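Inspection log for the structure reproduced underneath, given as structure tokens.
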Ligand code: GAP
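Residue numbers (my numbering): 1245 to 1683.
In structure tokens form, the structure reads like this:
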């Protein structure tokens, strides 16, 4: 069984800054706690995580459709969903140092982890995690709106619209990727827990009698997705929640957990939400949210199985899982061994020299590959250093153009993990890369 390594955390955070994956937000103003910006390489990684999820959850299925719902929503939605009453964490203040903590996350509820004071905490208060703001120019009670704390409610609110327009019937799902916001009391561990983050959620509507079987199906499918995209199985596990851990809507939840440097922690929850959400919204909005099967004459409120993952958190886990160091020619090589679909760049095009003679053929090679793959292009520094830079951002293949290319119209493919090289005619390059990558 793999062990968590704390050293790995610092190494990955440093690499993220150095290579343009993730920057602290508003850094020139001293930073803004717990918010991050995804730089040129990080935005590609995050996009690939989301694309890989969408491909498997929507594109490769016939029973799931997509949605992009609004972030702002009125209090009525959150009253019906139960978030206004229940989406809270117990908050305590240390009377000595004034720091705030989540009571349920303290190792010792008697001792302040910041200043060490004993018995200095206030009584716990339930703190609602939703961000509230005002819509329109007048800040009154009637103008209050909330930033969504999960993407899920958009799917329940649009259940009827989608049923009427998509020709789907249960079992079918609605998938959405987008930003969610939670006013976390203790954000931290880099992008693991932030106040603004991205989720990838599926609400899968099923006949009530099939709920257990679909819950099992999605637990397995979601675990397999991480493995298929390169997560080592000794750092991944599926853990069923104990009864006292369940959310207010759930009758059963399992988490896909990753072995982070601080130990096992959640990547994704798969929940059996029953008919809770559709029933709540049907009651509060005074409408019918049900399915009528014209064939059997049966009418029922579908049950919902929900695989809910964090895109930003998953991107971080892929970074941690991919990080590796080895000694090559007595020098340390840092390499991110990403799965090719997750790697920010798929190919780097590297002309050996900046000289004019190579410009034409380099442009030709880039033009050949860019329509198919995200390509990096780098002409500066010695080729060995450029290979190392690509290793550090996890690019699976480099294509090197040299002066022989002008005579033989061939280029060199260099593979990231083995560092092996192969000479290939330019005309065969796209097919050869396709064969090696599998796409
Ligand atoms: N609709 C159900 C739901 O939102 P959740 O377990 O609260 O369930 C789903 O959130 C996923 O969203 C989590 O497994 C995690 O990956 C991600 N997530 C939740 N809060 C987060 C935060 N503050 N920062 C980053 N990711 C978060």
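Even for Gly, the Cβ is constructed at its ideal location relative to N, Cα and C.
Here the structure is a predicted model, which is why all the values come from computation and not from measurement.
Would you kindly check if the distance between the Cβ of residue j and the Cβ of residue i is under 7 Å?
i: residue 1498; j: residue 1487; result: no
i: residue 1429; j: residue 1335; result: yes
i: residue 1187; j: residue 1551; result: There is no way to answer for residue 1187, as the model of the chain reaches only from 1245 to 1683.
i: residue 1424; j: residue 1393; result: yes
i: residue 1547; j: residue 1455; result: yes
i: residue 1479; j: residue 1449; result: no
i: residue 1704; j: residue 1397; result: In the structure as shown, the chain begins at 1245 and stops at 1683. Residue 1704 is therefore absent and cannot be evaluated.
i: residue 1474; j: residue 1583; result: yes
i: residue 1638; j: residue 1580; result: yes
i: residue 1453; j: residue 1301; result: no
i: residue 1558; j: residue 1293; result: yes
i: residue 1493; j: residue 1549; result: no
i: residue 1667; j: residue 1654; result: yes
i: residue 1571; j: residue 1606; result: no
i: residue 1280; j: residue 1266; result: yes
If I follow the unbroken alpha helix (DSSP H) through residue i, where does it start and stop?
i: residue 1631; result: 1627 to 1637
i: residue 1253; result: 1250 to 1262
i: residue 1679; result: 1670 to 1681
i: residue 1343; result: Looking at the DSSP string, residue 1343 is not in any alpha helix (DSSP H), and its letter there is neither H nor E.
i: residue 1516; result: From DSSP, residue 1516 is part of no alpha helix (DSSP H) but of the beta strand (DSSP E) over 1507 to 1518.
i: residue 1658; result: Taken as a continuous stretch (DSSP letters only), residue 1658 belongs to no alpha helix (DSSP H), being part of the beta strand (DSSP E) at 1654 to 1659.
i: residue 1468; result: 1455 to 1472
So the candidates are the options; which of them puts its Cα closest to the Cα of residue i?
i: residue 1286; options: 1636, 1681, 1513; result: 1636
i: residue 1657; options: 1640, 1617, 1650, 1651; result: 1640
i: residue 1489; options: 1515, 1682, 1569; result: 1515
i: residue 1663; options: 1578, 1540, 1678; result: 1578
i: residue 1680; options: 1602, 1591, 1536; result: 1591
i: residue 1630; options: 1398, 1595, 1540, 1652; result: 1595
i: residue 1500; options: 1481, 1518, 1507; result: 1481
i: residue 1347; options: 1316, 1395, 1332; result: 1332
i: residue 1510; options: 1648, 1554, 1468, 1471; result: 1554
i: residue 1291; options: 1588, 1313, 1268, 1614; result: 1588
i: residue 1426; options: 1386, 1472, 1278; result: 1278
i: residue 1255; options: 1434, 1508, 1674, 1380; result: 1434
i: residue 1565; options: 1357, 1471, 1366; result: 1471
i: residue 1421; options: 1342, 1562, 1311; result: 1311
i: residue 1403; options: 1522, 1599, 1296; result: 1522
i: residue 1360; options: 1343, 1507, 1643; result: 1343
i: residue 1408; options: 1352, 1660, 1599, 1535; result: 1535
i: residue 1299; options: 1272, 1660, 1446; result: 1446
i: residue 1561; options: 1525, 1316, 1437; result: 1437
i: residue 1469; options: 1295, 1376, 1544, 1367; result: 1295
Would you kindly report the start and end of the unbroken beta strand (DSSP E) that includes residue i?
i: residue 1619; result: 1619 to 1621
i: residue 1547; result: 1547 to 1554
i: residue 1380; result: Here residue 1380 belongs to no beta strand (DSSP E), and DSSP marks it neither H nor E.
i: residue 1481; result: 1480 to 1484
i: residue 1390; result: 1388 to 1391
i: residue 1501; result: 1496 to 1504
i: residue 1337; result: 1332 to 1337
i: residue 1644; result: 1641 to 1645
i: residue 1371; result: 1369 to 1372
Which complete beta strand (DSSP E) runs does the segment 1397 to 1441 hold, if anything under 3 residues is left out?
Every beta strand (DSSP E) of 3 residues or more that sits fully in the segment 1397 to 1441 is shown, in chain order, as 1416 to 1425.
Quick one: which unbroken alpha helix (DSSP H) runs of 4-plus residues sit fully inside the segment 1526 to 1608? Chain order, please.
The qualifying runs are 1555 to 1566.
Can you check the segment 1255 to 1327 for any alpha helix (DSSP H) of at least 4 residues that lies completely inside it and give the ranges in chain order?
DSSP runs (the alpha helix (DSSP H)) wholly in the segment 1255 to 1327: 1284 to 1298, 1319 to 1325.
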